[in-house]
Structure formats: structure tokens, C-alpha cells
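Asker: I'd like to ask you about the structure that follows.
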Amino acid sequence: RFDAPHTSHMPLFKKQFAGGCEIGQLLPSGKDVASRAGRTLRTAYFDGGPLGPLHHHAIHVHSTNIPRTLETAYFAAAAAAPGLSHHETVTLHTANIATDPWKPPADCSSAQTSLTALQEGALATVRGQQGYMDFAARWREATGLSFTPTFAAETGSNYDCVLLSRCEDLEMPPGVTEELQEEALEWAHRYIATAYYHSSTTKLLARRMLRTMHDQSREKAKLALWVTHDAGVLYLLSGLDVWNTVFPAYAEMVTFEIYHARGGGELVRVLRRGEPVLVPGCGDELCEAAVFWGLLGDLEDDSECSQPFVAEVLSEPLPPVAVLAVGLLAGVLGTVAVLRRPRAGDHYRRLV
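When we follow my numbering, the leftmost residue of the sequence shown carries the number 227, and every step to the right adds one.
Put into C-alpha cells, the structure is as follows:
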């Protein structure tokens, strides 16, 4: 059982696209994909894997305090450790979303200001292109609504609604053809690739998330699982400079494995979809833990969050040095995991 206000009979809700897009809960497919992620971890690391059986006292689970992420955490963790008895409790940890580093830029005013400037600049860049103007005019003619490529539901006719409708096979408004949907996603991804690319701001936000992982890695948990949002995963990957502008997929996992080195010390390896990733600054896929945890600066230093904002210059995204997406942080000393909550299906693409 789980010490949390959510149980196995919790309802699933469905977003609807009817001239607007409601703020939804876990998607109809959410339970299945979250459970699949948990089973993947169990098979790779615990059932006959290098970490052995997974018991309730060796699991740490954190989720942002939002229903759909709490539910995702429940289903993923339950699938990762299905043999727990009724008297074994796994605590589902959460925090105030105003201060939770996994709901960035929570409690970091300078990052919020910087991100707003970056996003406004990226939006202006996209909207200033003739191709986008032509598309936006056709979208408005088809729907009667303005389109925005951002996550914010400024008009109720935004990128997230299109992505969701495509991935969950929801009905689109009359006149919104498949070609128009593809254009909407393409322009939105161009905006995202520019607004969320590697910067000092994403490094700061990623560092705040890494700090919680580092702290947990000192404990004895075999599996530490964090459930976050698409933006949280983007900031983490961008901050580590391993984001290749592929939008996070549906419940995709990024795994951080922690090893005891034979010669002493610890090593960290990052995997995306089960494939090792070379993190800039490490020099090798197996990175010395002291090097890895220090890549983004002093993990205990939060002073930048209160420093005056300094504008950054937007630039076109450059080819990435590595490929990474979303996920779970796993360990062969312990497993540290970041899982994007299911929201908008397996629709993702590369932007170059």
C-alpha cells in the first residue's frame, strides 16, 4: 500500500477539445504507460537484475503535488514493486509547488524573470516569420481562435491541445486538417527549441533538481523516483546540455545509475531509453560522481535565485553533443529516477 491520498481506484479523467482546452487530469492511457515504466525498471534492475529484490524500505518516491503526477507516481512505483504486502508502506513524498524544485522555476525569482524574457523573445522570433503568419491566419480561419505555440492556455487553442488530441485520438474541430495540425506542432516545436535551449538559467534550475538527487543518493534506497512535468524534464536536460530539442515523450525515462567503483569512489552513468549518454564535462559515459555532481556548480548555492536578472541573448539552437529525453534516475548502488507524468502521448520529433 502507499501512504498517499490516492489509491488504485482513483478515477482517470479525459481532456476535451471543444473550442478550448480544459486543464485535465491523468489521460486515459496514463495508468498503462506509467505502469509500463515501472515494469521496465523492475525487469532491468530488480527481478534477476543487479540490485536484487526491491523492498518497501528501499524505495523513495517524489511527485509534484498535482493530481496527475501523484497518480503517475503511484502507478509507476506500484508496478516497480508489485510484491509489496498490505503492511508494507511506501511513502509518496511531495512538496508545496511554490517551492518544489521539480516544478521549476518555483521559488527562484531570477530564473522566472529570465525564463519570461527568453520565452517572450522566442515567441517574437516565431511570430515574426512569414510562414508562421500564414499558418496562424489559416488556423484562425479554421477554428475562429488565435493559436499560440506556448504551453500557456492564453486562448485555449494552444500547442498542448493539438498534441493531446493527436495522441489520444480525440476529435478535432471541423476544418482542422491533419496538415494544419502538423504545422501547428512544427511551429510549437520551433518555439520550444529556442525558448528552452541550454542557458545559465536552465543550468540553475537543473542544479536545484540535481541537488535533491544527490541528497537522496546518500541514502540507502535502491530506487529513487521523481515524477515531474514536460517543462521540468526540459530544464533538467537543457541544464545538463544534453537536450537535442526532441520534446519529452509520454512517460519516457531518463536513468541515472550510481556505481561503486572497484578502485574506490562512485561513478554515475546517464541513460536515455536504456542507451548511455555522454554528459559534457564527464569525458566518459561512466563519470566520477564528484565530477558529475559538480558539473552545474555548487549544489548548495541558491544565491543566484535572488540575484538581479541579466538578460541573455537568444541564439539558434546548435546541434547537440548527446541525446537525452525524460525519465527515471536509476542506480546500481541506488536508483534515482525522473519520470515525466503522462500527458500528451508518444508524439515527439527532432528539431534541427
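For glycine and all other residues, C-beta sits at the position ideal for the given N, C-alpha and C.
Give me the residue from 299, 262, 350 with the minimum Cα distance to residue 416.
Answerer: In the sequence shown, residue 416 corresponds to position 190, counting from 1. In terms of CA proximity to residue 416, 350 leads the group 299, 262, 350.
Asker: Check each candidate in 279, 331, 253, 281 and name the one with the smallest Cα separation from residue 298.
Answerer: Position 72 of the sequence shown, counting from 1, holds the residue named residue 298. Closest by alpha carbon: 253.
Asker: Which residue marks the beginning of the beta strand (DSSP E) containing residue 476, and which one marks its end?
Answerer: Your numbering for residue 476 matches position 250 in the sequence shown. Annotation: residue 476 is outside any beta strand (DSSP E) and is labelled neither H nor E by DSSP.
Asker: Beta carbon of residue 585, beta carbon of residue 307: below 8 Å?
Answerer: Here the chain comprises residues numbered 227 to 578, so residue 585 is not present and cannot be evaluated.
Asker: Whose C-beta lies closer than 7 Å to the C-beta of residue 487 among residues of the same chain, with five residues either side of it excluded?
Answerer: Working through the sequence shown from its first residue, we reach residue 487 at position 261. Answer for residue 487: 493, listed in chain order.
Asker: Does the contact criterion of 3 or more C-beta pairs under 8 Å hold for the region 429-445 versus the region 360-370?
Answerer: Touching, no.
Asker: In chain order, which continuous runs of the beta strand (DSSP E) of length 3 or greater are located wholly inside the region 446-490?
Answerer: Secondary structure remark: continuous beta strand (DSSP E) runs of at least 3 residues inside the region 446-490, in chain order: 449-454, 479-486.
Asker: In whole angstroms, what is the alpha-carbon distance linking residue 557 and residue 371?
Answerer: Counting from 1 along the sequence shown, the entry for residue 557 is found at position 331. Counting from 1 along the sequence shown, the entry for residue 371 is found at position 145. At residue 557 the pLDDT is 30, less than 50, meaning the model places this residue with poor confidence; the figure from the coordinates comes in the next sentence. Taking the straight line from one Cα to the other gives about 47 Å.
Asker: Whose C-beta lies closer than 7 Å to the C-beta of residue 358 among residues of the same chain, with five residues either side of it excluded?
Answerer: Against the sequence shown, residue 358 aligns to sequence position 132. 352, 413, listed in sequence order.
Asker: Looking at the strands, I want to know which residues DSSP matches up with residue 497.
Answerer: To locate residue 497, count along the sequence shown from 1; it is residue 271. Note: residue 497 sits in a beta bridge opposite 481, 502.
Asker: Using the Cα positions of residue 466 and residue 473, report the straight-line distance between them to the nearest angstrom.
Answerer: Working through the sequence shown from its first residue, we reach residue 466 at position 240. Working through the sequence shown from its first residue, we reach residue 473 at position 247. About 15 Å.
Asker: Hey, how far is the Cα of residue 405 from the Cα of residue 386?
Answerer: What you label residue 405 is simply residue 179 of the sequence shown in a count that begins at 1. What you label residue 386 is simply residue 160 of the sequence shown in a count that begins at 1. When rounded, the distance between both Cα atoms is 17 Å.
Asker: Apply the 10 Å Cβ neighbour rule to residue 322 and answer buried if 16 or more other Cβ atoms are within range, or exposed otherwise.
Answerer: As a first step, residue 322 must be located in the sequence shown, where it is residue number 96. So residue 322 ends up on the exposed side.
Asker: What does the alpha-carbon distance come out to for the pair residue 453 and residue 398?
Answerer: On the sequence shown, residue 453 is found 227 positions in, with the first residue counted as 1. On the sequence shown, residue 398 is found 172 positions in, with the first residue counted as 1. If you take the alpha carbons of residue 453 and residue 398, they lie about 29 Å apart.
Asker: Comparing alpha-carbon positions, which option in 410, 337, 256, 278 lies nearest residue 447?
Answerer: Taking the sequence shown and counting its residues from 1, one reaches residue 447 at position 221. Cα-wise, what sits closest to residue 447 is 278.
Asker: Within a Cβ cutoff of 8 Å, which residues of the same chain sit near residue 325, ignoring the five residues on either side of it in sequence?
Answerer: Mapped onto the sequence shown, residue 325 falls at position 99. These residues qualify, in order along the chain: 332, 333.
Asker: I think residue 434 touches residue 523, with their Cβ atoms under 8 Å apart; what is that distance to the nearest whole Å?
Answerer: Within the sequence shown, numbered from 1, the residue matching residue 434 stands at position 208. Within the sequence shown, numbered from 1, the residue matching residue 523 stands at position 297. Not quite, the Cβ-Cβ distance comes to about 11 Å (not below 8 Å), so this is no contact.
Asker: Is the Cβ-Cβ distance between residue 220 and residue 458 less than 8 Å?
Answerer: Absent from the model: residue 220. The displayed extent of the chain is 227 to 578, so no value can be given.
Asker: Give the DSSP-derived three-state secondary structure of residue 513 in the structure shown.
Answerer: Here residue 513 is taken as the residue at index 287 of the sequence shown, counted from 1. Strand.
Asker: In this structure, what does DSSP give as the bridge partners for residue 283?
Answerer: On the sequence shown, position 57 is the one that residue 283 refers to. Per DSSP, none; premise fails for residue 283.
Asker: In chain order, what residues of the same chain lie with their CB nearer than 8 Å to the CB of residue 295, ignoring the 5 residues before and after it?
Answerer: Taking the first residue of the sequence shown as position 1, residue 295 is located at position 69. Answer for residue 295: 289, 453, 454, 455, 567, listed in chain order.
Asker: Once DSSP output is grouped into helix, strand and coil, what is the label at residue 182?
Answerer: The chain is shown from 227 up to 578; residue 182 falls before or after that span and cannot be answered.
Asker: Spatial neighbours of residue 460 within its chain, please: CB distance less than 7 Å, with the 5 preceding and 5 following residues excluded, ordered by chain position.
Answerer: The residue labelled residue 460 in the question sits at position 234 within the sequence shown. Excluding residues within five positions, the ones whose Cβ falls inside 7 Å are 422, 469, 474.
Asker: Taking just the CA atoms, how far does residue 309 sit from residue 500?
Answerer: In the sequence shown, counting from the first residue as 1, residue 500 sits at position 274. In the sequence shown, counting from the first residue as 1, residue 309 sits at position 83. Distance between the alpha carbons of residue 500 and residue 309 is about 24 Å.
Asker: Going by C-alpha to C-alpha distance, which of 285, 340, 419, 418 sits closest to residue 443?
Answerer: Within the sequence shown, residue 443 is the residue found at index 217, counting from 1. Checked all of 285, 340, 419, 418; the closest Cα to residue 443 is 285.
Asker: Return helix, strand or coil for residue 316, following the three-state DSSP convention.
Answerer: One-based indexing of the sequence shown puts residue 316 at position 90. DSSP places residue 316 in strand when its eight states are reduced to three.
Asker: So residue 350 is in the alpha helix (DSSP H); what residue range does that whole segment cover?
Answerer: Within the sequence shown, residue 350 is the residue found at index 124, counting from 1. Counting along the chain, the alpha helix (DSSP H) containing residue 350 begins and ends at 335-353.
Asker: Alpha carbon to alpha carbon, how far is residue 419 from residue 275? Give it in angstroms, no decimals.
Answerer: Along the sequence shown, one-based indexing puts residue 275 at 49. Along the sequence shown, one-based indexing puts residue 419 at 193. Rounded to the nearest angstrom, the two C-alpha atoms are 37 Å apart.
Asker: Alpha carbon to alpha carbon, how far is residue 292 from residue 483? Give it in angstroms, no decimals.
Answerer: Numbered from 1 along the sequence shown, position 257 holds the residue referred to as residue 483. Numbered from 1 along the sequence shown, position 66 holds the residue referred to as residue 292. Cα atoms of residue 483 and residue 292: separation of roughly 27 Å, rounded to the nearest angstrom.
Asker: Assign residue 408 to one of two classes, buried (16 or more other C-beta atoms within 10 Å of its C-beta) or exposed (fewer than that).
Answerer: Sequence index remark: in the sequence shown, residue 408 carries index 182 (1-based). Exposed, by the Cβ-count rule.
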